[in-house]
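Take a look at the structure set out below.
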Amino acid sequence: MRVTIKDIAKETGLAPSTVSMILNKKSFRVSDATRKRVLETADRLGYVSNKMAVNLQKQITTNIGLIVPDIRNDFYASFAKGAEQKCRENNWGLLIANSDNNQQREEEYINSFYQQNVSGIIMARATQGENIGETSFIKMKKLGITHVLLDFSGTDVSNVVAGNHFRGGYVATSHLIDLGHRKIACITGDLRLEGAQTRLAGYKQALLDHHLNFDSQLVFESDYTYENTMKIVKQMNLNKFTGVFAFNDLMALAFINYAKAQNYTVPIDFSVIGYDDIFLTQIMHPQLTTMQQPILKMGSDAASIIIKNPIFSGKRHIKKYEPILIKRETTSTPNRQL
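Numbering (numbering that gives the first Met the number 0), first residue to last: 0 to 337.
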């Protein structure tokens, strides 16, 4: 339920009029300690002012808010396209916000969407912050907003669309092993994220099942961006492995471009497999072997959950998707054994 000024007044022991003036930043005499107490209580309870609340009760609209960390990433662009298509089919609108991977901005967009009375919010978490999105989905729960999280379980009322990343990590690594690779480097995403953790678990399990030792020195943590991954790959000792499993296609591309700059050839010198199957994988040269996710469908299903459940009920919907190995031109048998 929506937190009101009366709730904050009851919690602080102050008059509702005093609380209202503080929250609305009205000029009047009040101690700094009292002002601080009200603001901290409002934040703890998840209070968000609603400019429309003076005249209207909160109405269900036919708009959905979508928050992504980086709209330049083709994965999120395709995900948004899938959500937009589903909204258009049902005469709904989609409002798209780019958090620029910033948690504070992510929370500001949640507040903004709440002010606009969206029927629900779809969110892929920002990673720049201590809690990597935890305060955001707790806020949505407190506000009673129907929400769908991408690749994260959230709270007990969070809807989820997620890939089976353990299987994805397992199949990708097994593909390289089956080709004859025994030393396989792993370029991960932010390992605070569930999707990265489960991909890594799949990678480790594949090594174990094929009687290969896990070597932590072959695991390189990045953040799913091309720019930062290019910095990471420059620190890799290219003499220590023949196969590379990157946790998304942009990171795979970063490694391939760096290897080319060092006069190596893919897949002759290194076999590389990515993850997601964004459009870029089909037009780059060589074309990238990758684990395909049904990105458009994931976006469409996320929007569909909100369209079918616009009123917050606490009932949870979880959709899982199986990744598919797409064999292209960047993986082959190794030309050397280590």
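Virtual Cβ for every residue (Gly too), placed ideally from N, Cα, C.
Close beta carbons around S19, own chain, < 6 Å, minus the five adjacent residues each side: The residue given as residue 19 occupies position 20 in the sequence shown. Closer than 6 Å at the Cβ level, and outside the excluded window around S19, lie I4.
Residues near T154 in its chain [Cβ-Cβ closer than 7 Å; skip 5 each side]: Residue mapping note: residue 154 aligns to position 155 of the sequence shown, counting from 1. Excluding residues within five positions, the ones whose Cβ falls inside 7 Å are F136, I137 and K140.
Buried versus exposed, by CB contacts within 10 Å (16 or more), S157: Counted from its first residue, the sequence shown places residue 157 at position 158. The residue in question, S157, is buried, as its Cβ has 16 or more Cβ neighbours within 10 Å.
Through-space distance from L38 to V170, alpha-carbon basis: Here residue 170 refers to the residue found at position 171 of the sequence shown. Here residue 38 refers to the residue found at position 39 of the sequence shown. Approximately 50 Å, taken between the alpha carbons.
Option nearest A79 by Cα separation, candidates E88, W91, L65 and G92: Reading the sequence shown from its first residue, position 80 is the one you call residue 79. Among E88, W91, L65 and G92, the Cα nearest to that of A79 belongs to L65.
Check whether A302 and K85 have beta carbons under 7 Å apart: For the purposes of this step, residue 302 is taken as the residue at position 303 of the sequence shown. For the purposes of this step, residue 85 is taken as the residue at position 86 of the sequence shown. Yes, the Cβ-Cβ distance between A302 and K85 is below 7 Å.
Collapsed DSSP secondary structure at L13 in the structure displayed: On the sequence shown, position 14 is the one that residue 13 refers to. Reduced to three states, the DSSP call for L13 is coil.
Residue from Q281, R327, E321 and I304 whose Cα sits closest to the Cα of N62: Start at 1 with the first residue of the sequence shown, and residue 62 comes out as number 63. Per the Cα distances, I304.
Same chain, Cβ closer than 6 Å to A184, neighbours up to 5 away in sequence not counted: Locating residue 184 in the sequence shown gives position 185, counting from the first residue. Excluding sequence neighbours, A184 sits near L217, F240 and V243.
Backbone secondary structure at H174 - three-state DSSP: Looking up residue 174 in the sequence shown gives position 175. It is helical.
For R166 and Q261, the rounded distance between their alpha carbons: Locating residue 261 in the sequence shown gives position 262, counting from the first residue. Locating residue 166 in the sequence shown gives position 167, counting from the first residue. Near 32 Å, if we compare the C-alpha coordinates of R166 and Q261.
Inter-residue spacing [alpha-carbon to alpha-carbon] between P68 and K203: Against the sequence shown, residue 68 aligns to sequence position 69. Against the sequence shown, residue 203 aligns to sequence position 204. Spanning the two alpha carbons is a distance of roughly 28 Å.
Terminal residues of the beta strand (DSSP E) in which V67 lies: Stepping through the sequence shown from its first residue, residue 67 is reached at position 68. N62 to V67 is the extent of the beta strand (DSSP E) around V67.
Pairwise C-alpha distance: I186 and T329: Residue mapping note: residue 329 aligns to position 330 of the sequence shown, counting from 1. Residue mapping note: residue 186 aligns to position 187 of the sequence shown, counting from 1. Distance between the alpha carbons of T329 and I186 is about 16 Å.
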